[in-house]
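So the protein sequences, as listed, match chains A and B.
Position one of the first sequence corresponds to residue 2 (my numbering), numbered consecutively onward.
Position one of the second sequence corresponds to residue 2 (my numbering), numbered consecutively onward.
Glycine included, C-beta positions come from ideal geometry on N, C-alpha and C.
What follows is a short report on a single structure.
Number of protein chains: 2
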Amino acid sequence: MAPKTKKKTKKQIIQEAAVRLFRDKGYSATSMRDLADAVNLKASSLYNHISSKEEILKNICFENAHRFLDGMKEVESMPGTATEKVESLLRLHIRTATGDAASVMAFNDEWRHLTEPLLSEFMALRKDYESRFLALLKAGMQAGQFQNIEPIIALHTIFSSMRWLYDWFQPGKKLTAEEVEEDIIRMLMKGLAKT
Amino acid sequence: MAPKTKKKTKKQIIQEAAVRLFRDKGYSATSMRDLADAVNLKASSLYNHISSKEEILKNICFENAHRFLDGMKEVESMPGTATEKVESLLRLHIRTATGDAASVMAFNDEWRHLTEPLLSEFMALRKDYESRFLALLKAGMQAGQFQNIEPIIALHTIFSSMRWLYDWFQPGKKLTAEEVEEDIIRMLMKGLAKT
Chain A
2 MAPKTKKKTK
12 KQIIQEAAVR
22 LFRDKGYSAT
32 SMRDLADAVN
42 LKASSLYNHI
52 SSKEEILKNI
62 CFENAHRFLD
72 GMKEVESMPG
82 TATEKVESLL
92 RLHIRTATGD
102 AASVMAFNDE
112 WRHLTEPLLS
122 EFMALRKDYE
132 SRFLALLKAG
142 MQAGQFQNIE
152 PIIALHTIFS
162 SMRWLYDWFQ
172 PGKKLTAEEV
182 EEDIIRMLMK
192 GLAKT
Chain B
2 MAPKTKKKTK
12 KQIIQEAAVR
22 LFRDKGYSAT
32 SMRDLADAVN
42 LKASSLYNHI
52 SSKEEILKNI
62 CFENAHRFLD
72 GMKEVESMPG
82 TATEKVESLL
92 RLHIRTATGD
102 AASVMAFNDE
112 WRHLTEPLLS
122 EFMALRKDYE
132 SRFLALLKAG
142 MQAGQFQNIE
152 PIIALHTIFS
162 SMRWLYDWFQ
172 PGKKLTAEEV
182 EEDIIRMLMK
192 GLAKT
């Protein structure tokens, strides 16, 4: 029996079209009119489903922030070494970038367009994630699993090292998502490891 | 005797002010008027020194491209292993980012605003640098010095891993440029190394 697939809601369809437009034209240059055209609706009907561009940006940013924080909570509650926990989170970063490229693009670059109070709320979630990641790095250094590197340098270097993937990876090309993931994990985990 | 310092030309002063404006406001949002105000000139006098915003962007982009290509030629002509050569180039990347942050910012992000034929010329220089870096990585893998990773993945991961520095590093804060450089080099070179 074929797996049951849930039909997408109109709101989901609009959000996916918006993500593609934000990626191709940038958030600022995308109008509600562009979005209405992309989903074959009149602008007036679009407003039945979505109140503004910023509502969509907010959804993308906060969905992604919670995806990473959920991953963090799962990792924090599991048994295992700092090495295993960090590797597990890096795989989440890489899979998100190869599997949902457009959303990550909007998440990496476009959150700066959020207005207050959303901007501060979003930055607090981002900061929370980074602090907890930093704690894992410090734990790994204290346990002698990771090289002694200034933790904030290790954090930024690692996060930044994956920030090209969403823009580069295309399914069906020479390398599979799994191959890309394994290569990046091998480089980053070896770069962190003490021995 | 104090070292002789060369007096900056008006053109250099204008270029440095432009780099700061491009960093703070972005290239698109910076007007010739903003630039004239920043260097205390009337807009009409500014045009005696510089013909357009794009002339400045062109100078920044091509100066940086040649800086990296000169570094590459020096490294290619020196004796030494692939490991030594790659490390030497990574140090050039890091020093450029910590020593001339604003220029690198413009170089990393703003070159997309160049118009033709400059855009194609610039992209060819960039591509040339990347191809030669890729050749060094492959040589290091063939010589058994580097892990066997898809070379293009290693290249993008390494280049991307340093792309936060220009935005983060501030001289006179907790960490010196030398400390930051050593930590990043230790992570990246260990991540590449076979053993």
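Span separating the alpha-carbon of His50 of chain A from that of Glu122 of chain B: Sequence index remark: in the first sequence, residue 50 of chain A carries index 49 (1-based). Sequence index remark: in the second sequence, residue 122 of chain B carries index 121 (1-based). Per the coordinates, the alpha-carbon of His50 of chain A lies some 46 Å from the alpha-carbon of Glu122 of chain B.
Selection of the region 136-149 of chain B by Cβ proximity to chain A, strictly under 8 Å: Those residues of the region 136-149 of chain B that come within reach of chain A (Cβ to Cβ, closer than 8 Å) are Gln148.
Residue burial classification, Asp184 of chain A (beta-carbon count within 10 angstroms, cutoff 16): Here residue 184 of chain A is taken as the residue at index 183 of the first sequence, counted from 1. Burial call: buried.
Closer than 8 Å: Glu117 of chain B CB and nearest the ligand MN heavy atom: The ligand MN is absent from the structure shown, which contains no ligands of any kind.
Span separating the alpha-carbon of Arg113 of chain A from that of Ala103 of chain A: Numbered from its first residue, the first sequence carries residue 113 of chain A at position 112. Numbered from its first residue, the first sequence carries residue 103 of chain A at position 102. C-alpha separation (whole angstroms): 16 Å.
Extent of the continuous alpha helix (DSSP H) to which Tyr28 of chain A belongs: In the first sequence, residue 28 of chain A corresponds to position 27, counting from 1. If you look at Tyr28 of chain A, you'll find it isn't in any alpha helix (DSSP H); DSSP assigns it neither H nor E.
Length of the line joining the Cα atoms of Pro118 of chain B and Ala125 of chain B: In the second sequence, residue 118 of chain B corresponds to position 117, counting from 1. In the second sequence, residue 125 of chain B corresponds to position 124, counting from 1. Rounded to whole angstroms, the separation of the alpha carbons of Ala125 of chain B and Pro118 of chain B is 11 Å.
Selection from A:Ser161, A:Ala30 and A:Phe134 that minimises the alpha carbon distance to Pro152 of chain A: Working through the first sequence from its first residue, we reach residue 152 of chain A at position 151. Scanning A:Ser161, A:Ala30 and A:Phe134 for the CA closest to the CA of Pro152 of chain A turns up A:Phe134.
Stretch-stretch touch, CB-based, cutoff 8 Å, three pairs: the region 132-146 of chain B with the region 177-191 of chain B: As far as the Cβ criterion goes, the region 132-146 of chain B does not touch the region 177-191 of chain B, which means the pair count is below three.
Chain B contact for Thr158 of chain A (CB, 9 Å cutoff): The residue given as residue 158 of chain A occupies position 157 in the first sequence. With respect to chain B, the C-beta atom of Thr158 of chain A has a partner C-beta closer than 9 Å.
Under the three-state DSSP convention, the category Ala107 of chain A falls into: As a first step, residue 107 of chain A is located in the first sequence; it is residue number 106 there, counting from the start. Correct three-state label for Ala107 of chain A: helix.
Short CB-CB distance (under 9 Å) between Met2 of chain A and chain B: Counting from 1 along the first sequence, the entry for residue 2 of chain A is found at position 1. Residue confidence is low: Met2 of chain A scores 48 on pLDDT, short of 50, so the model does not pin down where it sits. No coordinate-derived value is stated.
Inter-stretch contact (C-beta, 8 Å, three-pair minimum) for the region 19-35 of chain B and the region 89-98 of chain B: Touching, no.
Partners in chain B for Glu151 of chain A, counting only beta-carbon separations shorter than 8 Å: Here residue 151 of chain A refers to the residue found at position 150 of the first sequence. Residues of chain B passing the Cβ test: Leu176, Glu180, Val181 and Asp184.
Partners in chain B for Ile154 of chain A, counting only beta-carbon separations shorter than 7 Å: Counting from one through the first sequence, the residue named residue 154 of chain A turns up at place 153. What Ile154 of chain A touches in chain B: Val181, Asp184 and Ile185.
Inter-residue CB distance, Ile57 of chain B and Gln13 of chain B (contact presumed, cutoff 8 Å): The count along the second sequence starts at 1 and reaches residue 57 of chain B at position 56. The count along the second sequence starts at 1 and reaches residue 13 of chain B at position 12. Between Gln13 of chain B and Ile57 of chain B the Cβ distance is about 11 Å, and since that is not below 8 Å, they are no contact.
9 Å Cβ cutoff, Ser132 of chain B in contact with chain A: If you number the second sequence from 1, residue 132 of chain B lands on position 131. False, the Cβ-Cβ gap to chain A never drops below 9 Å.
Environment of Met2 of chain A [buried if 16+ CB atoms lie within 10 Å]: Position 1 of the first sequence holds residue 2 of chain A. Low confidence applies to Met2 of chain A: its pLDDT is 48, below 50, so where it sits in the model is not reliable enough to give any reading.
Which listed residue (B:Thr84, B:Leu166 and B:Phe63) has its alpha carbon closest to that of Ile154 of chain A: For the purposes of this step, residue 154 of chain A is taken as residue 153 along the first sequence, with counting starting at 1. Answer by Cα proximity: B:Leu166.
Which of helix, strand or coil DSSP assigns to Ala194 of chain A: Within the first sequence, numbered from 1, the residue matching residue 194 of chain A stands at position 193. In this structure, Ala194 of chain A counts as strand in the three-state DSSP scheme.
7 Å CB neighbourhood of Lys195 of chain A in its chain, flanking five on each side removed: The residue labelled residue 195 of chain A in the question sits at position 194 within the first sequence. Contacts found: Gly145, Gln146, Phe147 and Gln148.
Three-way DSSP call (helix, strand, coil) for Phe197 of chain A in this model: Residue numbering for chain A in the displayed model covers 2 to 196; residue 197 of chain A lies beyond these limits and cannot be assessed.
Simplified DSSP assignment, three categories, for Phe147 of chain B: Numbered from 1 along the second sequence, position 146 holds the residue referred to as residue 147 of chain B. Phe147 of chain B falls in the strand class under three-state DSSP.
Residue environment, His157 of chain B, which counts as buried when at least 16 other CB atoms sit within 10 Å: As a first step, residue 157 of chain B is located in the second sequence; it is residue number 156 there, counting from the start. With 16 or more Cβ atoms within 10 Å of its Cβ, His157 of chain B is classed as buried.
Cα-Cα separation between Ala66 of chain B and Glu85 of chain A, rounded to whole angstroms: In the second sequence, the residue the question calls residue 66 of chain B occupies position 65. In the first sequence, the residue the question calls residue 85 of chain A occupies position 84. Near 40 Å, if we compare the C-alpha coordinates of Glu85 of chain A and Ala66 of chain B.
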